[in-house]
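Participant: Got a structure here, written out as structure tokens. Questions coming.
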């Protein structure tokens, strides 16, 4: 993309100038008034447009190829017409060798015309041999006919055949360029794709899903379902295709609705790798339950993260601001005691130390906390960043799955443009998404996970929810 700036007395005038220069492909990025209207001079507006020069260049090349193809077709028609006129004149010549040359030229013209999709008229019917034999002897002697006409025809045939070969070569080059342009717009299925062929009507939606980072096997499965279930009539409309594909994706995303009215105490433990925003997410949840719902629930906080510098202080700050109880524990015994001391709370939120998926020692330590009290049911939420590539997300889940993960919490949605990685994770693990972190603001940038919102992010890009 390249940016260009244009001015005009009105935004419409500036846009008109931009479109005259770059065509209707120009996208308006911003519009602003740089000079107000006065008694002595008109107003002046500035617009900034973005132009995808690659698309513009491809469009120009297509138009150029189309013009060249038309010229080739015209040349082919000229040759065909020339050959038809020649046949009329040859009807007065002796038969024999002339028939062979004439038939060769006619076949060549018809074959090349078919390649260029040019319909040639049927050649005129040949008169019976008697007409040719009835020609007056004075026109030419047998010896002159035998010597002059073959030489003339052989010379003419060599020139025309040479020209036909040249035209065929040009057509082959045009076909190669057209295929190259088609491949730029659409990737044909390879032999390793299990025979799945994506129709050109689905090219746009396939490209969007592929560029989002979705795993290839999952994308193929989704496309296969779409192709099998989608009515044929709907395929004629790109809007209907996108809408149907959106519905297929929505049904493949699992989300768990928030249930705050059950009455039972809930204990939620946030686990996950370092740097994904567990502590900030816990603060958002605490504020949500205690301040932002129709009922202000009693919330208690337990932190196991005594390793990271400032982690306890950060939670202490949030707890003090929201007037919530907070306990710090260092072993499973203290952990059980802290849970018992918070029996009066509707929600107990547990912050844990961040752990690499390759650090088995810390994972085992977390498992000892989860299993410390058999009478205590802990809801384990795996917190992962949307910016992490799918292969790493899969490794993270498999490592933390020993903790019996119940839900997924996705963070940093505002820091990525591709969401196919989280779609693949949800599809493979079959674990529901409970919450989505869409920014750094506490407590507002946390929403309940919904399949509609995630699908919108995948197909249309991230958009922050108005609250």
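Residue numbers (the UniProt record's numbering): 1 to 467. Note that CB positions come from ideal geometry on N, CA and C, so glycine has one too. As the structure is a prediction and not an experimental result, all values here were calculated from the model.
1) Cα separation between residue 347 and residue 46?
2) Using 8 angstroms as the threshold, is the C-beta distance between residue 405 and residue 270 below it?
3) CB residue 424 to CB residue 218, shorter than 8 angstroms?
4) Alpha carbon to alpha carbon, how far is residue 336 from residue 300?
5) At which residue ranges does the segment 401 to 440 contain complete alpha helix (DSSP H) runs of 4 or more residues, listed in the order of the chain?
6) Using 10 angstroms around the beta-carbon of residue 463, count the other beta-carbons present and answer buried if the total reaches 16, otherwise exposed.
7) Helix, strand or coil: which one does DSSP assign to residue 2?
8) With 16 as the cutoff for other CB atoms within 10 Å, does residue 366 come out buried or exposed?
9) Excluding the 5 residues preceding and the 5 following residue 192 in the sequence, name in chain order all residues of the same chain whose CB lies nearer than 8 angstroms to its CB.
10) Where do the ends of the beta strand (DSSP E) carrying residue 266 lie?
11) Do you know how far the Cα of residue 303 is from the Cα of residue 399?
12) Rounded to the nearest angstrom, how far is the Cβ of residue 439 from that of residue 414, given a contact under 8 angstroms?
13) Assuming contact is defined by CB atoms lying nearer than 8 angstroms, are residue 39 and residue 9 in contact in what I supplied?
14) Excluding sequence positions up to five away, which residues of its chain have a Cβ less than 6 angstroms from the Cβ of residue 407?
15) Can the beta-carbon of residue 267 be found closer than 8 angstroms to that of residue 378?
16) When the Cα atoms are used, what is the spatial distance from residue 395 to residue 356?
17) Is the CB-CB distance between residue 282 and residue 351 below 8 angstroms?
18) Measure from the alpha carbon of residue 453 to the alpha carbon of each residue in 253, 322, 354 and 278, then state which is nearest.
19) Smallest Cα separation from residue 284: which of 387, 343, 205 and 411?
20) Taking the DSSP output, what are the residues bridged to residue 32?
21) Can you look up residue 27 in the DSSP assignment and give me helix, strand or coil?
22) Alpha carbons only, please: which of 315, 345 and 387 is nearest the one belonging to residue 353?
23) Counting C-beta neighbours from all protein chains within 10 Å, is the total for residue 18 16 or more, i.e. buried, or is it exposed?
24) Can you look up residue 299 in the DSSP assignment and give me helix, strand or coil?
25) Return the first residue and the last residue of the alpha helix (DSSP H) that residue 352 is part of.
26) Could you check the C-alpha separation between residue 344 and residue 298 for me, to the nearest Å?
27) Assign residue 445 to buried or exposed, taking buried as 16 or more other Cβ atoms, counted over all protein chains shown, within 10 Å of its Cβ.
28) Give every residue of the same chain whose Cβ lies closer than 6 angstroms to the Cβ of residue 386, excluding the five residues on either side of it in the sequence, and list them in chain order.
29) Measuring only the C-alpha atoms, how far is residue 15 from residue 321?
30) For the candidate residues 287, 25 and 245, whose alpha-carbon lies nearest to that of residue 208?
31) What runs of the alpha helix (DSSP H), each 4 residues or longer, lie entirely inside the segment 312 to 342?
32) Below 6 angstroms CB to CB, which residues in the same chain sit around residue 451 once its five sequence neighbours on both sides are set aside?
33) Classify residue 249 as helix, strand or coil using the three-state DSSP reduction.
34) Below 7 angstroms CB to CB, which residues in the same chain sit around residue 362 once its five sequence neighbours on both sides are set aside?
35) So is the beta-carbon of residue 354 under 7 angstroms away from any non-hydrogen atom of the ligand NAP?
36) Might you give, ordered along the chain, the residues of its own chain that have their beta carbon closer than 8 angstroms to the beta carbon of residue 41, omitting 5 neighbours on each side?
Facilitator: According to the structure shown:
1) 54 angstroms
2) no
3) yes
4) 14 angstroms
5) 420 to 429
6) exposed
7) Under the three-state reduction of DSSP output, residue 2 falls in the strand class.
8) buried
9) Any answer about residue 192 is weak, because its pLDDT of 42 lies below 50 and its placement is not dependable; what the coordinates show is given next. Cβ within range, chain order: n/a, list empty.
10) 266 to 271
11) 21 angstroms
12) 5 angstroms
13) No, Cβ-Cβ distance for residue 39 and residue 9 is not below 8 angstroms.
14) Leaving aside the five residues that flank residue 407 on each side, the residues in its chain whose CB is nearer than 6 angstroms to its CB run, in chain order, 256, 381, 432 and 434.
15) Yes, they are a contact pair.
16) 10 angstroms
17) Between residue 282 and residue 351, the C-beta spacing is below 8 angstroms.
18) 253
19) Here the closest residue by C-alpha is 411.
20) 46
21) In the structure shown, residue 27 adopts extended strand secondary structure according to DSSP, grouped into three states.
22) 315
23) buried
24) It is a strand residue.
25) Careful: residue 352 lies outside any alpha helix (DSSP H) and carries neither H nor E.
26) 8 angstroms
27) Around the C-beta of residue 445, 16 or more other C-beta atoms lie within 10 Å, and the residue is accordingly described as buried.
28) 410, 412, 413, 416 and 422
29) 51 angstroms
30) Among 287, 25 and 245, the Cα nearest to that of residue 208 is on 245.
31) With a minimum length of 4 residues, the continuous alpha helix (DSSP H) runs that stay inside the segment 312 to 342 are 332 to 341.
32) A distance below 6 angstroms between beta-carbons, with the five flanking residues on each side excluded, links residue 451 to the following residues of its chain, in chain order: 250, 253 and 255.
33) helix
34) 353 and 355
35) The ligand NAP is absent from the structure shown, which contains no ligands of any kind.
36) 35
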